[in-house]
Amino acid sequence: MYTIRTDCARLSILPEFRAKAEEMFSAYGGPREHLLRAIENQQVVEVHNLVTGETALFNNIRRLRPGSGSGGSNAKERSAVSKLYTEGSGADLCDFCSKQRTAQDIFGRITGTHSYTASNVAKLSKWHSLIITNLHDPLALDADIIADVIAVSHRWFKRAHREDPLYVYPNIICDVGKRASASQVHFHAQMVLTRDRYFAGIDLLQRVAVEYLERHGTSYWDELVRVHHMLGLAVRVGNCAVFSNLCPRKERELFVLGKDPEDPSFARAVALALLTLRDAVGVHSFSFILSYPPLDRSNNYNLGRIPAILRVIDRGSALDQRSDTGALEYFGSTYIAADPYAIIPHLIAAVNRSNANLESNRTV
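Going by my numbering, the sequence shown opens with residue 2, and the numbers climb by one from there.
Set out below in structure tokens:
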């Protein structure tokens with residue numbers, strides 16, 4: 002399923018450049034002679050997914066460059082991000098806070114406890130709407146709000162499908178923070194029900210999964226989870242798996258797979274992934290895609306071959322004005338500045354807390 006290759010990339014630091022090089026990689030933290038040796042002998046790792054064709058490149062030295070990663074554990078940055086995400090809130094300043102300054106679908110608006118829907122005024126597809134949280138701050142999420150967003154999305158997809166049964170493929174995309182290209186600070190996710198196929202990234206995964214099943218007689222999704230469990234990169238959350246992707250599209254990518262998107266453990270797994278990134282790792286700007294199995298003629302999800310999927314990635318510091326994508330990401334492979342194993346202790350701790358809370362609630 003994967004090939005992994007490690008090489009030593011060697012270079013020579015001239016005496017005139019040594020001070021500058023040590024300054025560039027000052028986050029190394031070890032003795033200067035060790036840093037110089039590490040710069041001149043860099044360990045480069047290439048991970049290639051033989052099924053999907055995705056490739057991720059790792060280099061511990063490259064990730065120490067200034068500006069790499071989220072850096073959200075810094076108290077000063079957390080305060081600045083909080084100010085950034087709360088300024089401009091309120092019905093007088095924010096369209097999404099007012100609700101009245103949003104469009105609604107031809108079948109009306111769907112409202113949950115913590116969120117509501119609005120029709121997108123610049124559509125990507127025939128059925129394209131927003132799900133917007135009542136709270137302005139995009140980081141003010143908790144498990145209840147996330148569960149409500151997912152529940153409202155189910156209602157919207159089924160309502161749109163009832164209106165137009167030819168449209169069957171549910172997609173949700175979300176960017177948090179301008180760093181992630183969000184058009185509004187206020188938390189919102191875009192729901193798109195498509196007719197012929199999922200969005201391209203998910204459609205590719207579904208097609209290679211079908212080919213894998215035909216070629217090997219086993220589920221690609223089951224094998225994907227098995228490999229990540231075997232490598233110590235996955236945890237179970239009820240009937241779902243959460244894993245740190247061995248071949249990520251961007252830093253700290255987490256995958257959630259579940260058979261039934263309406264199973265409460267799926268919403269719990271999604272919440273665990275998003276909140277662990279925010280709370281344990283300091284991710285303040287992120288992008289994710291959610292997809293559910295296609296809707297059938299009875300307006301239920303067609304459970305079986307196609308799972309419910311979440312893919313979420315870190316988009317870097319919310320305060321960084323630089324782009325986190327370039328020619329490498331658009332046309333080549335993806336460089337990853339974070340170790341996929343680093344988040345696993347935090348995921349395990351979050352699962353243990355979640356399980357303890359569930360057990361406590363059962364005994365009350």
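Yeah, the Cβ is synthetic: ideal placement off N, Cα and C, and Gly gets one too.
query                                                                                                                                                                             : result
Kindly list the residues whose CB is nearer than 6 Å to the CB of P295, restricted to its own chain and excluding five residues on each side of it in sequence; keep chain order. : V169, Y170 and N303
Does the Cβ-Cβ distance between H129 and C95 come in under 8 Å?                                                                                                                   : no
From the DSSP secondary-structure annotation, give me the bridge partner or partners of A357.                                                                                     : A357 pairs with nothing; no bridge assigned.
Quick check on D276: does DSSP put it in helix, strand or coil?                                                                                                                   : Position check: residue 276 holds Leu in this sequence, whereas Asp was assumed. DSSP places L276 in helix when its eight states are reduced to three.
Runs of 3 residues minimum, wholly inside the region 263-308: which ones carry the beta strand (DSSP E) assignment?                                                               : 287-292
Nearest to I349 by alpha carbon, out of Y86, A274 and R160?                                                                                                                       : A274
Where does the unbroken beta strand (DSSP E) through L329 begin, and where does it stop?                                                                                          : Unbroken run through L329 is the alpha helix (DSSP H), A328 to F332; no beta strand (DSSP E).
Would you list the one or two residues that DSSP bridges to A119?                                                                                                                 : L131
I'd like to check one pair, I203 with I373: are the Cβ atoms closer than 8 Å?                                                                                                     : Because the chain in this structure spans residues 2 to 365, residue 373 falls outside the shown range and cannot be described.
Mapping DSSP to helix, strand and coil, what is P32?                                                                                                                              : coil
Please classify P166 as buried or exposed, where buried requires at least 16 neighbouring CB atoms within 10 angstroms.                                                           : exposed
Taking C-alpha atoms, which residue in P139, E41 and L85 lies nearest to S288?                                                                                                    : P139
What residues in its chain sit with their C-beta under 7 Å from that of D149, if we drop five residues either side in the sequence?                                               : G113, T114, H115 and S116
Give me, in chain order, the residues of the same chain whose beta-carbon lies closer than 6 Å to that of S99; leave out the 5 immediate sequence neighbours on both sides.       : A92
With the cut-off set at 8 Å, would you say F97 and I133 are in Cβ contact?                                                                                                        : yes
Since I believe V186 is in contact with G89 (beta carbons under 8 Å), could you give me their beta-carbon distance rounded to a whole number of angstroms?                        : 6 Å
Indicate whether the contact test is met: 3 or more Cβ pairs, each with one atom in the region 204-218 and one in the region 306-325, closer than 8 Å.                            : yes
Thinking P249 and I337 are a contact (beta carbons under 8 Å), I'd like their distance in whole angstroms, please.                                                                : 6 Å
Near Y199, which residues of its chain fall below 8 Å by C-beta distance, leaving aside the five closest residues on each side in sequence?                                       : Y170, N172, Q207 and S292
Quick one: give me the first and last residue of the alpha helix (DSSP H) that E47 is part of.                                                                                    : Element bounds for E47: not the alpha helix (DSSP H) but the beta strand (DSSP E), N42 to N50.
Quick test of your reading: R82 and A281, contact by CB under 8 Å. State the CB separation rounded to the nearest angstrom.                                                       : Note that residue 82 is Val in the sequence shown here, rather than Arg. Rounded, the Cβ-Cβ distance is 16 Å, inconsistent with contact.
Pull up the distance between the alpha-carbon of S80 and that of V284, whole angstroms please.                                                                                    : 13 Å
How is A57 classed by DSSP in three states: helix, strand or coil?                                                                                                                : strand
Check each candidate in E17, L58 and V271 and name the one with the smallest Cα separation from R237.                                                                             : V271
Taking only the alpha-carbon atoms, compute the straight-line gap between G415 and K124 and give it to the nearest angstrom.                                                      : In the structure as shown, the chain starts at 2 and stops at 365, and residue 415 therefore has no counterpart that could be examined.
Measuring CA to CA, which of G239, S220, D223 and L247 is closest to L232?                                                                                                        : L247
Just confirm the distance between the C-beta atoms of Y213 and V52, as a whole number of angstroms; I'd bet it's less than 8 Å.                                                   : 6 Å
Comparing C-alpha positions only, which one of V243, R279 and G54 sits nearest to F267?                                                                                           : V243
Any idea if N300 is buried or exposed, counting beta-carbon neighbours within 10 angstroms, 16 or more meaning buried?                                                            : exposed
Distance, Cα to Cα, S182 vs F26?                                                                                                                                                  : 28 Å
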